[in-house]
Amino acid sequence: MPNNPASLRSSTAAWEALFRAQVTVMREIQKLPEFKALSTKEYDVLFNLSRCPSGSSRLTDLNQYLLISQPSLSRMAERLESKGLLSRHPDPTDQRAVLFTLTEEGARLQKAVGREHIKGIHALIGKALSAEEFETLQELSTKLRLHMEAR
């Protein structure tokens, strides 16, 4: 907990600035060539699945990292499965549940898009802040996320 709590005005002004920056950057990211064949939301699903330690996840668990509704995620998973990017199989710990896993093609596409994505992010914002400012932004963003997760 900070020693000097923020005022209502300063916390909402900072949130608005953070939100507007994120919206502006995301609009530009969505225009990048790597997102012609795969939307940013679809990529987000593949990226988060690629980070699962077991390589698989239930959609309800995966959804905690995404900003889409559970029904939207279910429909998207079906589309990604029909494209051959995801596979589903029963959860061995709960026969009522289903696990989703990246296919070889899904993992290949996620890595290929990811390589271009990080270059695109750097091209868009790399000159906006100094290395120290990016470090501070990362620290503050992490601190804010951890605060929210601890609630």
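Under this note's numbering, the residues of the sequence shown are numbered 11 to 161, in order. Glycine included, every Cβ here is placed at the ideal spot set by N, Cα and C.
Excluding residues up to 5 positions away in sequence, Gly-65, Ser-66 and Ser-97 lie with their Cβ nearer than 6 Å to the Cβ of Thr-111 in the same chain. Taking C-beta atoms under 8 Å as the contact rule, Leu-119 and Leu-48 qualify, at a distance of about 7 Å. Inclusion of Thr-113 and Leu-95 in the CB contact set at 8 Å is warranted, their separation being smaller than that value. Counting C-beta pairs closer than 8 Å gives fewer than three between the segment 45 to 59 and the segment 98 to 105, which falls short of the contact rule. Between the segment 139 to 150 and the segment 64 to 84 there are fewer than three C-beta pairs closer than 8 Å, too few to call the two in contact. Every alpha helix (DSSP H) of 4 residues or more that sits fully in the segment 39 to 91 is shown, in chain order, as 50 to 60 and 69 to 72.
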